[in-house]
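Trainee: There's a structure below that I have some questions on.
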Amino acid sequence: MASPYEFSFTGTDSDVEETIKRVKKFGFAIVRNYVSGPLLESLDHDHGSAFSDQKNSGLDLVKGKHADNHGEVVRLNRLGMKDQYKSIYSVFSAPSMDAVSKRYVRPHDYQLNREVFLTHEVPHEKSIFPWHFDRIHYLKFYVYITDTTKENGAFEYEVASHRETFFRFNYYSLIGESVEGLPYIIPDDEIVHPYVLEGKAGDLIVFDAGGIHKGGIVSPGKIRRVARGHTNVLPFKGYDPQKPFTKSWWLKSPFNLARYFQKDVCRVMSEEMKPGGLRGNYKDH
Ligand SMILES: O=C(O)CCC(=O)C(=O)O
Ligand SMILES: [Fe+2]
Numbered sequence: 146m147a148s149p150y151e152f153s154f155t156g157t158d159s160d161v162e163e164t165i166k167r168v169k170k171f172g173f174a175i176v177r178n179y180v181s182g183p184l185l186e187s188l189d190h191d192h193g194s195a196f197s198d199q200k201n202s203g204l205d206l207v208k209g210k211h212a213d214n215h216g217e218v219v220r221l222n223r224l225g226m227k228d229q230y231k232s233i234y235s236v237f238s239a240p241s242m243d244a245v246s247k248r249y250v251r252p253h254d255y256q257l258n259r260e261v262f263l264t265h266e267v268p269h270e271k272s273i274f275p276w277h278f279d280r281i282h283y284l285k286f287y288v289y290i291t292d293t294t295k296e297n298g299a300f301e302y303e304v305a306s307h308r309e310t311f312f313r314f315n316y317y318s319l320i321g322e323s324v325e326g327l328p329y330i331i332p333d334d335e336i337v338h339p340y341v342l343e344g345k346a347g348d349l350i351v352f353d354a355g356g357i358h359k360g361g362i363v364s365p366g367k368i369r370r371v372a373r374g375h376t377n378v379l380p381f382k383g384y385d386p387q388k389p390f391t392k393s394w395w396l397k398s399p400f401n402l403a404r405y406f407q408k409d410v411c412r413v414m415s416e417e418m419k420p421g422g423l424r425g426n427y428k429d430h
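Okay, structure coming up:
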């Protein structure tokens, strides 16, 4: 039986409604059969070529290892690859993705799939990524290129965790923690409602990367292939060091009284329950 998290792509305006409803409520939506037929074949072909081509137009930053050597990644700029990888450009420029992005981030602005990551993961005893939330806020469009089950390392999401991380991020941010420095890895035993998002080639996952998620474990003899577009929420809050007199610099400065007052005005929580509490520093993961 179909889960409440998914629906089948129809190619009509109702797809946008169905997606938004789920991403708002659960943090993610699964759109079955989003890419199919000849377009899926070209996507599969372009994904493969991107790893073997000597030169990639639109190469943004890297062609290299993905997530602790669990596989490889090609990181492309959507507009720059327009002529070389037409099918990837066309899938990640879709009006439906644009409409979903617009509805999800309004009244803020966004850059539709500014970057597209192509990944090819190989067997490893560790997860592709541990449970975490992205410190930079993206709405992501994630397409399976090949059929993917738990054995291939399917994507997993802690249902509705985007609401909790909204408060986590904003709390740290307002007491002057840098985007890079805030604790974002979540220990496995704090996960309550994980959901494994298995799918067929051409299924699309739309997710708020502010919520808690991970990549699974690729079992021996299996691989995993994904194409993933990152829609930036604007204004962009990146890892850049805080320049003097910028807004984040003021929050980190001694003038931010919230840094001194927080222990008096915030609720208490036992040491073991605090992020990083007795478990040590999250950054060591
Ligand atoms: O590769 C995966 O399944 C997880 C990727 C991820 O953490 C992300 O796109 O933010
Ligand atoms: Fe992530």
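Numbering (the working numbering), first residue to last: 146 to 430.
A virtual CB, placed ideally from N, CA and C, is assigned to each residue, including glycine.
#1: I need the DSSP call for asparagine 377, collapsed to helix, strand or coil.
#2: Once DSSP output is grouped into helix, strand and coil, what is the label at aspartate 429?
#3: Taking the alpha-carbon of valine 236 as reference, which of Leu257, Lys247 and Val250 has the nearest alpha-carbon?
#4: Cα separation between arginine 424 and glutamate 416?
#5: Could you spell out where the alpha helix (DSSP H) holding lysine 397 opens and where it closes?
#6: Can you tell me the Cα-Cα spacing of arginine 280 and phenylalanine 390, whole angstroms?
#7: So is the beta-carbon of alanine 354 under 7 Å away from any non-hydrogen atom of ligand 2?
#8: Verify the contact flag: phenylalanine 88, CB atom, against every heavy atom of ligand 2, threshold strictly below 7 Å.
#9: Leaving out five residues before and five after glycine 321 in sequence, what residues of the same chain have Cβ atoms less than 6 Å from its Cβ?
#10: Can you give me the C-alpha to C-alpha distance between isoleucine 362 and phenylalanine 311, rounded to a whole angstrom?
#11: Can you grab the Cα-Cα spacing for the pair alanine 354 / serine 187, in whole Å?
#12: Where do the ends of the alpha helix (DSSP H) carrying aspartate 353 lie?
#13: Exposed or buried, serine 246, counting other C-beta atoms within 10 Å across all chains shown (16 or more means buried)?
#14: Do arginine 177 and aspartate 292 have their C-beta atoms closer together than 8 Å?
#15: Does the pairing of the region 266–280 with the region 205–220 give three or more beta-carbon distances under 8 Å?
Mentor: This is what the structure holds:
#1: strand
#2: Reliability of the predicted coordinates at aspartate 429 is poor, the pLDDT of 46 falling under 50, and no value is obtained from them.
#3: Leu257
#4: Confidence at arginine 424 is low in this model, with a pLDDT of 49, below 50, so the placement of that residue should be treated as unreliable; the coordinate-derived value is given next. Their Cα atoms are separated by approximately 9 Å.
#5: 392–397
#6: Arginine 280 and phenylalanine 390: Cα-Cα distance of roughly 22 Å.
#7: yes
#8: The structure shown does not extend to residue 88, since the chain spans only 146 to 430, so no value can be given for it.
#9: Leu396, Lys397, Asn401 and Arg404.
#10: Here the alpha carbons of phenylalanine 311 and isoleucine 362 stand approximately 27 Å from one another.
#11: When only Cα atoms are considered, alanine 354 and serine 187 end up about 27 Å apart.
#12: Unbroken run through aspartate 353 is the beta strand (DSSP E), 349–353; no alpha helix (DSSP H).
#13: buried
#14: no
#15: yes
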